[in-house]
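Peer 1: This is the structure I have questions about; it appears just below.
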Amino acid sequence: LRRGLAGAQFAVTIPMLVAAGLLLVSLNRIQTESYGFDPEGVVSMLVTLPGENYPDWPDVLDFWRTTLPDIEALPGVLAVGVADARPPIPVGENNFVLEDRPAMDGEPQSVAPWITADPGFFRTLGVRVVEGDLYADVPADTMRHALVDQQWAERYYSGESPVGRRFRSGGCTVDGCPWVEIVGVVEDVKTSGLADTRGLGTIYYDFSRDSYSSMRLHVRAQGDALAVIPGIRNVIRERDSAIPVGEVETARELATQSVAGRRYTSTLVTLVAVVALFLSIIGVYGVMSYYVRQHVRELGIRIALGGGPESALRMVVVRGMAVAVAGTAVGIVATPALTRPMSSLLYGVSPNHPFMIAVVAGATLTVALIATIIPARAAARTDPAV
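Going by the working numbering, the first residue of the sequence shown is number 2, and it counts up by one from there.
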């Protein structure tokens, strides 16, 4: 019973250690993912215009049109722009209807991250236009305009140009709802988090056509991005002292936030797995130590009859490792079934990763061997006279 319980500890530990290893590998791969832009020197902040001073969107737009040039003229500032998103922090997704490819009855409408941004947003992040134009280059008429990224274009118009195509919000499908025309395609940016693999693509709506009172000001600075924040606050304070500026964070900090949940999960699973391994080692060590005490007469007789210390050591090690190997084998067999449900938490790695399973099994057996050798050495030192 004791040996069976010790083996069960190993059987439980193997899947936990594999899960912890897979989560750590996933986290490392996410952290090395490209943002879709160069994050060095980029900082964002939340700027909220009071409703009583800026009641309508023309007032909001006028504030930004007069303020952004002054911010961009500050020493150390290379580019500025506004948007209602902070890549790579995930943004909300909206459904929409394509004019030339409407959803059939009963089919769900298409969805994609939807960001409102001005042309400066793309220049600040260094996102290039690969087809068409930015909003600034489009005549200001009654048609609403949007940009899409390459992923969106490939998803809905693979091998075709999306420029000139029209869509409208999925929640506004009655006659008279405004159509939005696609005027350009930009490079992909991680707008749904660093680990998102759904390939939804992103829609960028023209800020000048529908301004919001709360926007994220994005700044690319030369050198330390946070060094320009006091100057930006002064510029905004000179315009209106009632405007708060908060949530100042660099792009690197935002990336860290975007994987905070995964980091917490990885840390928790790793700690539990390490504790389980520690208990398994204590288990096999305790079982074999008790075995040596139980069989001290047998070990003495073996040594006295010419078996020698090596025979005693070998006997204890074989028995102890049999427990560890049996438990490890059961754990390896059970691992795929136990790690498959966590596929949604993994990124760039399979839940049935053979190399990870092999590494965990090898490391576990190595540690178990060390834990078994300690009581085995005590057995080898048994004095036949005693």
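Note that beta-carbon positions come from the ideal geometry of N, C-alpha and C, so glycine has one too.
#1: So, with DSSP's three-state summary, where would you put Ser345?
#2: Alpha carbon to alpha carbon, what distance is there between Ile282 and Leu314?
#3: Rounded to the nearest angstrom, what separates Ile304 and Pro385 at their Cα positions?
#4: Where Val319 and Val285 are concerned, what is the direct C-alpha to C-alpha distance, given to the nearest angstrom?
#5: Based on the DSSP secondary-structure assignment, which residues constitute the bridge partners of Asn54?
#6: The beta strand (DSSP E) that contains Met216, what's its start and end?
#7: Does the distance from the C-beta atom of Met46 to that of Ile230 stay below 9 Å?
#8: Taking the alpha-carbon of Ala9 as reference, which of Ala335, Pro89 and Glu254 has the nearest alpha-carbon?
#9: Let me make sure I understand the geometry here. Which of Val288, Ala12, Val387 and Ala74 has the alpha-carbon closest to that of Val236?
#10: What are the residues that DSSP puts in a beta bridge with Asn96?
#11: For Gln223, count the other beta carbons within 10 Å of its own beta carbon; 16 or more makes it buried, fewer makes it exposed. Which is it?
#12: In the DSSP assignment, what residue or residues form a beta bridge with Met46?
#13: Given that a residue counts as buried once 16 or more other Cβ atoms are within 10 Å of its Cβ, and exposed if not, what is Asp101?
#14: Can you look up Val184 in the DSSP assignment and give me helix, strand or coil?
#15: DSSP three-state call for Glu239: helix, strand or coil?
#16: Name the residue from Leu6, Asn95 and Phe11 whose alpha carbon lies nearest to the alpha carbon of Gly328.
#17: For Trp289 versus Val19, is the C-beta distance shorter than 9 Å?
#18: What residue range does the beta strand (DSSP E) around Val387 cover?
#19: State the beta-bridge partners of Ala118 as determined by DSSP.
#20: Would you mind giving the Cβ-Cβ distance between Trp115 and Gly93, rounded to the nearest angstrom? I have them listed as a contact below 8 Å.
#21: Following the continuous beta strand (DSSP E) through Thr251, name the residue where it begins and the one where it ends.
#22: Leaving out five residues on either side along the sequence, give the residues of the same chain with a beta carbon under 8 Å from the beta carbon of Glu250.
#23: What whole-angstrom Cβ distance do Leu218 and Val61 have, given they're in contact under 8 Å?
Peer 2: The answer reads as follows:
#1: Stepping through the sequence shown from its first residue, residue 345 is reached at position 344. In the structure shown, Ser345 falls within a helical segment according to DSSP collapsed to helix, strand and coil.
#2: The sequence position of residue 314 within the sequence shown is 313, counting from 1. The sequence position of residue 282 within the sequence shown is 281, counting from 1. Taking the straight line joining both Cα atoms gives about 18 Å.
#3: Taking the first residue of the sequence shown as position 1, residue 304 is located at position 303. Taking the first residue of the sequence shown as position 1, residue 385 is located at position 384. Rounded to the nearest whole angstrom, the C-alpha separation of Ile304 and Pro385 is 7 Å.
#4: Translated into the one-based positions of the sequence shown, residue 319 becomes position 318. Translated into the one-based positions of the sequence shown, residue 285 becomes position 284. Distance between the alpha carbons of Val319 and Val285 is about 12 Å.
#5: Counting from one through the sequence shown, the residue named residue 54 turns up at place 53. Looking at the DSSP assignment, Asn54 forms no beta bridge with any residue, so it has no partner.
#6: In the sequence shown, counting from the first residue as 1, residue 216 sits at position 215. That run of the beta strand (DSSP E) goes Ser215 to Ala222.
#7: For the purposes of this step, residue 46 is taken as the residue at position 45 of the sequence shown. For the purposes of this step, residue 230 is taken as the residue at position 229 of the sequence shown. A contact, by the Cβ cut-off of 9 Å.
#8: Position 8 of the sequence shown holds residue 9. Nearest option by C-alpha distance: Ala335.
#9: Mapped onto the sequence shown, residue 236 falls at position 235. Closest by alpha carbon: Ala74.
#10: Taking the sequence shown and counting its residues from 1, one reaches residue 96 at position 95. Under DSSP, Asn96 forms a beta bridge with Val112.
#11: In the sequence shown, residue 223 corresponds to position 222, counting from 1. Exposed: under 16 other Cβ atoms inside 10 Å.
#12: What you label residue 46 is simply residue 45 of the sequence shown in a count that begins at 1. The partner list for Met46 (beta bridge, DSSP) reads Leu218.
#13: Position 100 of the sequence shown, counted from the start, is the residue given in the question as residue 101. Under the 10 Å beta carbon count, Asp101 is surrounded by fewer than 16 other beta carbons and is classified as exposed.
#14: Your numbering for residue 184 matches position 183 in the sequence shown. Strand at Val184.
#15: Start at 1 with the first residue of the sequence shown, and residue 239 comes out as number 238. The answer is helix: DSSP assigns Glu239 an H, G or I state.
#16: Residue 328 sits at position 327 when you count from the first residue of the sequence shown. Measuring from the Cα of Gly328, the nearest candidate turns out to be Phe11.
#17: The residue you call residue 289 lines up with position 288 of the sequence shown. The residue you call residue 19 lines up with position 18 of the sequence shown. The question names Trp, yet the displayed sequence has Met at residue 289. No.
#18: Counted from its first residue, the sequence shown places residue 387 at position 386. It is not in any beta strand (DSSP E) - Val387 carries neither H nor E in the DSSP assignment.
#19: Here the question's residue 118 lines up with position 117 in the sequence shown. Ala84 and Asp207, per the DSSP bridge assignment.
#20: The residue labelled residue 115 in the question sits at position 114 within the sequence shown. The residue labelled residue 93 in the question sits at position 92 within the sequence shown. With a Cβ gap of about 7 Å, Trp115 and Gly93 count as contacting.
#21: Position 250 of the sequence shown, counting from 1, holds the residue named residue 251. Thr251 -> beta strand (DSSP E) spans Val246 to Thr251.
#22: Position 249 of the sequence shown, counted from the start, is the residue given in the question as residue 250. Closer than 8 Å at Cβ, skipping near neighbours: Val44, Ser45, Met46, Arg87 and Gln258.
#23: Start at 1 with the first residue of the sequence shown, and residue 218 comes out as number 217. Start at 1 with the first residue of the sequence shown, and residue 61 comes out as number 60. 13 Å between Cβ atoms; not a contact.
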